[in-house]
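Number of protein chains: 4
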Amino acid sequence: MVRGRPREEGIDDAVREAVRALLTETGYQRCTIDAVAARAGVGKAAVYRRWRSKAELVFAAVIHPVELEPPSDTGSLRGDVGTVLEVIQSSLDGTDLRQALPSLLADIRADPVLEARFGEVFLGRERGYLVRMLDRAVARGELSRRPDPALVHALLLGPVLTWLHLFSEMPPSGGLAASLAPPLHAAVVALGA
Amino acid sequence: MVRGRPREEGIDDAVREAVRALLTETGYQRCTIDAVAARAGVGKAAVYRRWRSKAELVFAAVIHPVELEPPSDTGSLRGDVGTVLEVIQSSLDGTDLRQALPSLLADIRADPVLEARFGEVFLGRERGYLVRMLDRAVARGELSRRPDPALVHALLLGPVLTWLHLFSEMPPSGGLAASLAPPLHAAVVALGA
Amino acid sequence: MVRGRPREEGIDDAVREAVRALLTETGYQRCTIDAVAARAGVGKAAVYRRWRSKAELVFAAVIHPVELEPPSDTGSLRGDVGTVLEVIQSSLDGTDLRQALPSLLADIRADPVLEARFGEVFLGRERGYLVRMLDRAVARGELSRRPDPALVHALLLGPVLTWLHLFSEMPPSGGLAASLAPPLHAAVVALGA
Amino acid sequence: MVRGRPREEGIDDAVREAVRALLTETGYQRCTIDAVAARAGVGKAAVYRRWRSKAELVFAAVIHPVELEPPSDTGSLRGDVGTVLEVIQSSLDGTDLRQALPSLLADIRADPVLEARFGEVFLGRERGYLVRMLDRAVARGELSRRPDPALVHALLLGPVLTWLHLFSEMPPSGGLAASLAPPLHAAVVALGA
DNA sequence: AGGTAAACGAGACGGTACGTCGTGTCTTGGT
DNA sequence: ACCAAGACACGACGTACCGTCTCGTTTACCT
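Protein chains in written order, with my numbering: chain A, 5 to 197; chain B, 5 to 197; chain C, 5 to 197; chain D, 5 to 197.
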């Protein structure tokens, strides 16, 4: 049985929404806990009751809700790589993430608990999709053996992450995922040969 | 002509060394300017006389000294890709960078001046190497046309960066650069076909 | 007619007892409402249903129960002054009051409602005793006129209060009230001459 | 030699003045450290560099500066008692003290360090004056022996403190000190008989 | 030799965010 | 209507770090 007054329903969402708004408007540094609480019409204690730190809060606001729909089977490894890249890109793009991701990743690295959760929730889910994609390709005979999923993960996630958050360049004509799909398909094939 | 007392010679190095030591020992957040100055046996003013901000200081301490020796011509694109990956990896690896890079990148993003310098100094130099590598491959007839250097840059830098600073995994057997070289060679070839 | 569940009987006393215990053990500042409620095995709401504020609660716990038995007529002003001083001292002494009184008086000053009640309940009752004492002395011919009761009140209450709650000194040999009685009798006589 | 930047001269006074102003305008509870710092045009750190807590700050602002000029020898005990009472009253009266004293005394009681300092600085100085007053009276033959100074201290300080900070009454016609002088002279004489 | 200007270590400065805590109110489900 | 539990808004607390400024002192160059 649950004792005491239950958590108010709307607060979780109101706070997360406030975080996203402040990230977009003012960036990570100015996205203060006080400001978030004020914007959400909520006391600071209500925030700290739910999340242990600013990093955890932002993590919950911008990472968790990313619902990566499992990329469907397109019938070919070439098609699957393209779809996976789209999913990865969509999970790293967005006005709020654009501002927040580098700082957030930094704070995640500084907090072992959060780092573990990030590994499980975000990386783990994505890794799972890749494993299934690779197994299908092996079953189809497109790959003779399943390459190391971690290596494939780095190959697909790395270029997207780098382009979006390290380079200050316009997206390539045709779109980032579409431009990266052919070379990365070749890379995966080379790994599984 | 220079008036007044000249800068003391050893301070630059002493401070940079203190930064690297503190990064390794305590991480980026705890590597405060006060701590750095105290460790270097130096006043805070001497630090700020040389670098405008903490980000600039850490940048100078861990990025600038990376002397990327221009990867030499190995005679084949396959060999060149491997060498370039070694250079990239060596520029991103190291005890201090391990701790600092995510936070440093975050601070760089927050400071337009620094972001521009980072683009020129670090990314630009690396990009130059890639352009030369690609031109040689075209000259050799290994590529029929030179692919977009930015895309190649993302393809080669991204996976290394991701593995070193996002994943918490052991390096693959045989080494990271060696493991990534074959698939990424294939990727570059596919781009330049 | 009374609707609903009647107040549980023991709560008033349990809370007051918890207040006194916490005052003695931890002092006024650490005597939190949460702590009081927890100690009494009671919800905070039950406390606030009975007293409007912490000050009111402590007031009720340590002031109200002081049952000043009206000092009896000893037959002489000299004797009456001694008895009144004993009553005053007993109303200001005690382990819990020792800790609480200065903070409590401060909070009482900050709350006009409470200040008024303190004036009526505590000061007023004491003042009444003094008036009767003075009237008896006039009737006996010990005083030729009745002095200002407020002044007498200050003369008798002040030194006791000061000794007990401002000084950090041992009680004088023979007891505080006994030591103060002769000079204060002389003072009252001087006032009523 | 003094190393480093010296404390800025005006800050001590500016902060103390801000405290007094805020006490008068808003009372002790609303006299926040933040508000004090803002009012004085000073950072919070500058305040905490000088005083360990709010209590210490207010103590320094309203108690320390009270320069009790040593009451002069009036030639008679009767006159001396009157003068001492004037000094005591003037040290406890004032717009800021009116608001602050009860809360301040409460905080002083809660901090042993501060309590010791209060005993030495404030009470000790006053006690010294009383000892000299009593010795003069003995020398003059007005008292046959010197009474316990602590008792005399309680007799003179208590009624003034009580009237000013416990009662909510108008000052007696003729003034508080003047009204208390005759009875308290009689009390002291009775003690020293 | 003396003057001048900029460097030096030390540390105080204003500002800002943090995470904690206490108060008094409100909201559950259960008695 | 009351209860215990505990979430709520508000707001003060004391700490920490940043980047700047101000001391008294030292070290070069230039008269």
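Cβ coordinates follow ideal geometry from the N, Cα and C atoms, glycine included.
All of these numbers come straight from a predicted model, not from anything done at the bench.
Chain A residues whose Cβ lies nearer than 8 angstroms to that of residue i
i	result
Arg129 (chain B)	Going along chain A, no residue has its Cβ under 8 angstroms from Arg129 (chain B), so there is no contact; the nearest lies around 15 angstroms.
Glu60 (chain B)	Those do not exist, as Glu60 (chain B) stays about 16 angstroms from chain A at its closest Cβ, beyond 8 angstroms.
Partner residues on chain A for residue i, Cβ-Cβ distance less than 7 angstroms
i	result
Ser183 (chain B)	Leu155
Arg113 (chain B)	Pro106
8 angstroms Cβ cutoff, residue i in contact with chain C
i	result
Gly86 (chain D)	no
Thr166 (chain D)	yes
Gly8 (chain D)	no
Proximity test, Cβ basis, 8 angstroms: residue i and chain D
i	result
Gly2 (chain C)	Because residue 2 (chain C) is not part of the residues shown, which for chain C are 5 to 197, the question remains open.
Leu101 (chain C)	no
Glu90 (chain C)	no
Alpha carbon of residue i to alpha carbon of residue j, nearest angstrom
i	j	result
His157 (chain B)	Ala39 (chain D)	54 angstroms
Ala114 (chain A)	Glu12 (chain D)	38 angstroms
Leu81 (chain D)	Ala42 (chain D)	49 angstroms
Gly123 (chain B)	Pro10 (chain B)	31 angstroms
Thr99 (chain D)	Arg150 (chain D)	36 angstroms
Leu170 (chain C)	Ser95 (chain C)	16 angstroms
Glu60 (chain D)	Ala110 (chain C)	17 angstroms
Gly128 (chain D)	Arg24 (chain D)	24 angstroms
Trp55 (chain C)	Gly45 (chain C)	17 angstroms
Thr36 (chain C)	Thr30 (chain D)	25 angstroms
Arg102 (chain D)	Leu168 (chain C)	21 angstroms
Ala22 (chain B)	Val51 (chain B)	11 angstroms
Gly178 (chain D)	Arg144 (chain D)	29 angstroms
Ala18 (chain C)	Gly47 (chain C)	12 angstroms
Leu147 (chain D)	Gly132 (chain C)	35 angstroms
Leu26 (chain D)	Arg34 (chain D)	8 angstroms
Gly14 (chain B)	Ala64 (chain B)	15 angstroms
Arg53 (chain C)	Pro106 (chain C)	25 angstroms
Ala3 (chain D)	Ile112 (chain C)	Chain D is shown from 5 up to 197; residue 3 (chain D) falls before or after that span and cannot be answered.
Arg121 (chain A)	Gly162 (chain A)	20 angstroms
Closer than 8 angstroms to chain A by CB, residue i
i	result
Ala65 (chain B)	no
Gly162 (chain B)	yes
Residue i: contacting residues in chain D (beta-carbon distance under 7 angstroms)
i	result
Gln33 (chain C)	Ala114
Beta carbon proximity, residue i to chain B, threshold 8 angstroms
i	result
Val192 (chain A)	yes
Ser94 (chain A)	no
Ala110 (chain A)	yes
Under 8 angstroms by beta carbon: chain B residues contacting residue i
i	result
Leu195 (chain A)	Pro186 and Pro187
Glu173 (chain A)	Ala154
Glu119 (chain A)	Ser172
Where residue i meets chain C, residues with beta-carbon distance less than 9 angstroms
i	result
Gly179 (chain D)	Here the premise fails: no neighbours, minimum Cβ distance about 12 angstroms.
Per-residue contacts from residue i into chain C (C-beta, under 7 angstroms)
i	result
Pro176 (chain D)	Asp152 and Leu155
Proximity test, residue i beta-carbon vs the ligand COA heavy atom, cut-off 7 angstroms
i	result
Tyr52 (chain B)	Looking at this structure, you won't find the ligand COA or any other ligand, since it has none at all.
_Residues, ordered as in the chain, of the stretch 12-29 of chain B that lie near chain A by beta-carbon distance below 8 angstroms_ = none
*Report the residues of the stretch 135-160 of chain D with a CB closer than 9 angstroms to any CB of chain C, ordered along the chain.*
Pro151, Asp152, Ala154, Leu155, Val156, His157, Ala158, Leu159 and Leu160
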